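So the sequence shown is numbered by full-length UniProt numbering: it starts at 1 and just counts up by one. C-beta: ideal position from N, C-alpha, C; glycine also. Quantities reported herein were computed from a predicted structural model and do not represent experimental measurements. Since the structure comes first, as structure tokens, the remarks are kept for the end.
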Amino acid sequence: MADDLIFYTNPMSRGQMVRWMLEEVGAPYETHILDYDTAMKAPDYLAINPMGKVPAIVHNGRVVTECAAICAYLADAFAGAGLAPAPADRADYYRWLFFAAGPVEQAVVSKHLGLEPEGEQRRMAGFGTLDQTLDTLETAVAGKNFVAGERFSAADVYVGSHIDWGLQFGSIPSRPAFEAYVAPLRERAAYQRAKQIDNALIAEMQAPAA
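See the structure below:
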């Protein structure tokens, strides 16, 4: 039932990553669209995520927040979709899923905010420098169809979303390895369904009031 899986999001947010993952899973889900100024800060949503941010899911009464955690959770909760490697084969899966959630996210956002660590600060910053982080990310995807083995997984949803988004908006510079990796991901039916849903919601939100 859809109300067993509830998705809280805003189409202009990282919720797009989770939308894609949900479409890959293929299970029915209910979507709640929240605006930034009111619904995300309302008591009923803060009871779900005290950070007042999206996305979040509630599955069978259990709350999961943080995009990488949601992707990993959904891969396990809906194992029939085949979106997680076997437990013995998850080294690269966990490595690159959480590399994107940690150093990649931090490095890209810090650059956008004009915060670039220098000298001793680089030892404290988990990502070191943006260039170092991107060089490492390139090693993860160069010459590969998938980031964690021989088949598509939740790690490709999450890592691919970061690269896809970064290339579109210029927060990650174009490199041949990045372009080659994301090109087939953009052709996936679930990716395209997710984009169509969120783009339609964005258009509706931005349409002038009648």
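Give the range of the beta strand (DSSP E) segment to which Tyr8 is assigned.
-> Counting from 1 along the sequence shown, the entry for residue 8 is found at position 8. Here the beta strand (DSSP E) through Tyr8 covers 5-9.
Alpha carbon of Met124 to alpha carbon of Leu137, nearest angstrom = As a working note, residue 124 is residue 124 in the sequence shown. As a working note, residue 137 is residue 137 in the sequence shown. Going by the C-alpha atoms only, they are around 20 angstroms apart.
In whole angstroms, what is the alpha-carbon distance linking Glu24 and Asp198?
-> Along the sequence shown, one-based indexing puts residue 24 at 24. Along the sequence shown, one-based indexing puts residue 198 at 198. Each residue's Cα considered, the two are about 15 angstroms apart.
Given Gln121, which residues of its chain have a CB within under 8 angstroms of its CB, disregarding the five upstream and five downstream residues?
-> Within the sequence shown, residue 121 is the residue found at index 121, counting from 1. Cβ within range, chain order: n/a, list empty.
According to DSSP, what are the bridge partners of Thr139?
-> What you label residue 139 is simply residue 139 of the sequence shown in a count that begins at 1. According to DSSP, Thr139 bridges with nothing at all.
Residue from His32, Gly149, Asn10, Ala56 whose Cα sits closest to the Cα of Pro85 = Numbered from 1 along the sequence shown, position 85 holds the residue referred to as residue 85. Residue Gly149 is the option with its Cα nearest to Pro85.
Helix, strand or coil at Val63 [DSSP, three-state] | In the sequence shown, the residue the question calls residue 63 occupies position 63. Val63 falls in the strand class under three-state DSSP.
Could you say which of Asp4, Trp96, Lys53, Thr65 lies nearest to Pro28 if we only look at CA atoms?
-> Stepping through the sequence shown from its first residue, residue 28 is reached at position 28. Selected option, being the one with the closest Cα: Asp4.
Using alpha carbons as the reference points, say which of Ser161, Gly15, Gly80 lies closest to Arg188.
-> Along the sequence shown, one-based indexing puts residue 188 at 188. Out of Ser161, Gly15, Gly80, Ser161 has the C-alpha closest to the C-alpha of Arg188.
Element boundaries [alpha helix (DSSP H), containing residue 240] | Here the chain has residues from 1 to 210 only, and residue 240 is not among them.
Check each candidate in Thr139, Gly52, Gly143, Lys195 and name the one with the smallest Cα separation from Asp164.
-> Walking along the sequence shown from the start, residue 164 turns up at place 164. When each option's Cα is compared against that of Asp164, the closest is Lys195.
In terms of residues, what are the limits of the alpha helix (DSSP H) holding Glu24?
-> Here residue 24 refers to the residue found at position 24 of the sequence shown. Residues 15-25.
Return the CA-CA distance between Tyr36 and Lys53, expressed in angstroms with no decimal places.
-> In the sequence shown, residue 36 corresponds to position 36, counting from 1. In the sequence shown, residue 53 corresponds to position 53, counting from 1. About 8 angstroms.
Rank Val109, Gly128, Val108 by C-alpha distance to the C-alpha of Pro117 and give the top, closest one.
-> Numbered from 1 along the sequence shown, position 117 holds the residue referred to as residue 117. The candidate whose alpha carbon is nearest that of Pro117 is Gly128.
What residue from Ser13, Ala88, Ser110 has the CA that sits closest to Ser171's CA?
-> As a working note, residue 171 is residue 171 in the sequence shown. Of the candidates Ser13, Ala88, Ser110, the one whose C-alpha sits nearest the C-alpha of Ser171 is Ser110.
Does the beta-carbon of Asn60 have 16 or more other beta-carbons within 10 angstroms, so that it is buried, or is it exposed?
-> Within the sequence shown, residue 60 is the residue found at index 60, counting from 1. With fewer than 16 other Cβ atoms within 10 Å, it is exposed.
Which stretch, first to last residue, makes up the beta strand (DSSP E) that contains Ile163?
-> The count along the sequence shown starts at 1 and reaches residue 163 at position 163. That residue, Ile163, is in no beta strand (DSSP E); its alpha helix (DSSP H) goes 154-169.
Please report the residue range of the alpha helix (DSSP H) in which Glu105 lies.
-> The count along the sequence shown starts at 1 and reaches residue 105 at position 105. Unbroken alpha helix (DSSP H) run through Glu105: 105-112.
Could you give the distance in angstroms between the alpha-carbon of Ala203 and the alpha-carbon of Tyr93?
-> On the sequence shown, residue 203 is found 203 positions in, with the first residue counted as 1. On the sequence shown, residue 93 is found 93 positions in, with the first residue counted as 1. Each residue's alpha carbon lies about 35 angstroms from the other.
Find the nearest neighbour of Gln192 within the set Leu97, Met17, Ser153, judged by alpha-carbon distance.
-> By 1-based counting over the sequence shown, the position of residue 192 is 192. With distances taken between Cα atoms, Gln192 lies closest to Met17.
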